[in-house]
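Numbering (the working numbering), first residue to last: 1 to 211.
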């Protein structure tokens, strides 16, 4: 089987992280999410704390919400003043994802990976979502919070992801044309969702399921 990447984009509370873990385990590959920050830190020499802080800064940045810096590849060299800018931290994460795709198969959650890896062969782009009620219930149970706080958390998180995606890709996060498979997990278990993605990827990539 040739190297492949399954890039998952998701709404808050849809269960995508759990589904990604199950999928990666079933396929015998790595799962990359926030652990990508450590790899990008190792590659760039920029501290992992700075990468983590950039993630938080972007959530609060008004500039991030109203402007755009579409990713076009490449990284800023260390001698430049903006070497540790939020944009360059994204560039290094993208660089790591691209290099990993050249040598291995993996599942990745978020990070606009569907766009970053759009020119790579054997890329499967998945959007996972669920009903608002199901997402709220998930966050209530996960965070031990009430309905109102969970509803507010989901609105804030999805807005950030929408803005992040638009900023770095110039595209709309919820445009289903950006993805190969869109899956509604409202009435599915995480195991069923993972199996549905695996079956779709097998058909799309022509895997021999007997091997």
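Ideal Cβ positions, reconstructed from N, Cα and C, are used throughout, including at glycine.
Nearest neighbour of residue i, chosen from the options [CA to CA]
i: residue 4; options: 122, 23, 15; result: 122
i: residue 115; options: 178, 186, 38, 26; result: 178
i: residue 184; options: 159, 135, 161; result: 135
i: residue 15; options: 129, 25, 112; result: 129
i: residue 166; options: 111, 137, 41; result: 111
i: residue 138; options: 189, 106, 173, 23; result: 189
i: residue 91; options: 113, 107, 29; result: 113
i: residue 202; options: 173, 26, 18, 17; result: 26
i: residue 109; options: 43, 24, 89, 174; result: 24
i: residue 45; options: 204, 2, 19, 89; result: 89
i: residue 180; options: 21, 22, 2, 124; result: 124
Rounded straight-line distance, which links the Cα of residue j to that of residue i
i: residue 194; j: residue 126; result: 11 angstroms
i: residue 119; j: residue 7; result: 13 angstroms
i: residue 161; j: residue 191; result: 25 angstroms
i: residue 145; j: residue 187; result: 23 angstroms
i: residue 164; j: residue 37; result: 16 angstroms
i: residue 31; j: residue 93; result: 14 angstroms
i: residue 196; j: residue 35; result: 25 angstroms
i: residue 200; j: residue 33; result: 22 angstroms
i: residue 97; j: residue 40; result: 9 angstroms
i: residue 28; j: residue 131; result: 30 angstroms
i: residue 76; j: residue 171; result: Low per-residue confidence applies at residue 76: pLDDT is 49, beneath 50, and the placement is therefore not dependable, though the value from the model is reported in the following sentence. Rounded to whole angstroms, residue 76 to residue 171 spans 23 angstroms at the Cα level.
i: residue 9; j: residue 206; result: 23 angstroms
i: residue 173; j: residue 159; result: 10 angstroms
i: residue 141; j: residue 133; result: 12 angstroms
i: residue 42; j: residue 17; result: 24 angstroms
i: residue 182; j: residue 11; result: 11 angstroms
i: residue 49; j: residue 168; result: 21 angstroms
i: residue 151; j: residue 19; result: 22 angstroms
i: residue 22; j: residue 106; result: 12 angstroms
Delimiting residues of the alpha helix (DSSP H) encompassing residue i
i: residue 116; result: 113-116
i: residue 191; result: 190-205
i: residue 25; result: 16-27
Per DSSP, the bridge partner or partners of residue i
i: residue 125; result: 7
i: residue 181; result: 126
i: residue 108; result: 7, 32
Start-to-end residues for the beta strand (DSSP E) that takes in residue i
i: residue 145; result: No beta strand (DSSP E) contains residue 145, which DSSP labels as neither H nor E.
Per the contact definition of three or more C-beta pairs closer than 8 angstroms, is the stretch 95-107 in contact with the stretch 141-156?
-> No, they do not touch.
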